[in-house]
Amino acid sequence: MKRTVRKGPSLMNILFLLTPKSDCAYVREEDPIRQALERMSAAGFAAVPILAKDGTYRGTLTEGDLLWAIKKLYLMDMKEAESHGIMEIQRRKDNQAVSVTTPVEDLLTTAVDQNFVPVVDDRGTFIGIVTRKAIMQYCMDTYIFAKRAQPVHAG
Numbered sequence: 736m737k738r739t740v741r742k743g744p745s746l747m748n749i750l751f752l753l754t755p756k757s758d759c760a761y762v763r764e765e766d767p768i769r770q771a772l773e774r775m776s777a778a779g780f781a782a783v784p785i786l787a788k789d790g791t792y793r794g795t796l797t798e799g800d801l802l803w804a805i806k807k808l809y810l811m812d813m814k815e816a817e818s819h820g821i822m823e824i825q826r827r828k829d830n831q832a833v834s835v836t837t838p839v840e841d842l843l844t845t846a847v848d849q850n851f852v853p854v855v856d857d858r859g860t861f862i863g864i865v866t867r868k869a870i871m872q873y874c875m876d877t878y879i880f881a882k883r884a885q886p887v888h889a890g
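Using this note's numbering, read the sequence shown as starting at 736 and increasing by one per residue.
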């Protein structure tokens with residue numbers, strides 16, 4: 736059986752764009768709302784992945800989700816926020832995760848509507864994220880490299 740070899744961006748592995756789990760801000764599904772607020776505040780991110788105890792990706796928690804939860808649950812003091820878990824929060828939208836073997840073209844399509852794309856291994860375990868910024872930098876670098884490789888025509 737003959738294999739088709741793709742040329743261009745698909746030859747690049749998405750791992751080159753990956754921010755590993757060890758460098759990511761995230762919350763665990765068992766975390767209380769207070770801890771999620773503190774982690775997101777300290778990291779300075781508007782959205783973070785939610786992970787299960789076994790490391791699988793469970794969803795995305797955003798600042799907006801937290802604000803609506805605080806309003807709905809009347810959590811005006813931090814002590815009260817300790818008694819509610821983040822999985823009680825109704826989330827507007829979870830970022831779609833991709834497999835580590837996802838072609839770059841599919842990664843680009845997924846990233847159009849997300850600030851970051853969670854990446855999971857073949858067991859569904861979260862291994863990191865690809866940020867829209869990393870994708871844009873890759874595209875810009877590829878474009879600039881292609882422009883420099885074009886011959887200059889005297890004219």
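For glycine and all other residues, C-beta sits at the position ideal for the given N, C-alpha and C.
### Message
I want to see whether chain D comes within less than 7 Å of Q831, judged by CB atoms only; does it?
### Response
Absence of chain D from the displayed structure is noted, only one protein chain being present.
### Task
Hey, could you find the ends of the alpha helix (DSSP H) I897 is sitting in?
Here the chain covers residues 736 to 890 and nothing more, so residue 897 does not appear.
### Task
Kindly list the residues whose CB is nearer than 6 Å to the CB of Q849, restricted to its own chain and excluding five residues on each side of it in sequence; keep chain order.
Taking the sequence shown and counting its residues from 1, one reaches residue 849 at position 114. These residues qualify, in order along the chain: N830.
### Query
Taking the Cβ atom as the reference point for each residue, do I785 and A804 lie within a distance shorter than 7 Å?
Taking the first residue of the sequence shown as 1, we reach residue 785 at position 50. Taking the first residue of the sequence shown as 1, we reach residue 804 at position 69. No, Cβ-Cβ distance for I785 and A804 is not below 7 Å.
### Query
Given that a residue counts as buried once 16 or more other Cβ atoms are within 10 Å of its Cβ, and exposed if not, what is D758?
Indexing the sequence shown from 1 puts residue 758 at position 23. Per the 10 Å Cβ criterion, exposed.
### Query
Between Y878 and G790, what straight-line distance do the alpha-carbon atoms span, to the nearest angstrom?
Position 143 of the sequence shown holds residue 878. Position 55 of the sequence shown holds residue 790. Cα-Cα distance, rounded: 36 Å.
### Task
Specify the secondary structure class of L796 as computed by DSSP and reduced to three states.
Position 61 of the sequence shown, counting from 1, holds the residue named residue 796. L796: strand per DSSP, three-state reduction.
### Message
Beta-carbon within less than 8 Å of D800's beta-carbon, same chain only, minus the 5 sequence neighbours each way: which residues are those?
### Response
Along the sequence shown, one-based indexing puts residue 800 at 65. Excluding residues within five positions, the ones whose Cβ falls inside 8 Å are I824, Q825, R826 and R827.
### Query
What did DSSP end up calling M834 once you bin it into helix, strand or coil?
By one-based count along the sequence shown, residue 834 stands at place 99. For clarity, residue 834 is Ser in the given sequence; the question names Met instead. Here S834 sits in strand by DSSP.
### Task
Compare the Cα-Cα distances from E764 to each of G820, P853 and P886 and report the closest residue.
Taking the first residue of the sequence shown as position 1, residue 764 is located at position 29. Taking only the C-alpha atoms, the option nearest E764 is G820.
### Task
Using 10 angstroms around the beta-carbon of R793, count the other beta-carbons present and answer buried if the total reaches 16, otherwise exposed.
Along the sequence shown, one-based indexing puts residue 793 at 58. Buried, since its Cβ has 16 or more Cβ neighbours within 10 Å.
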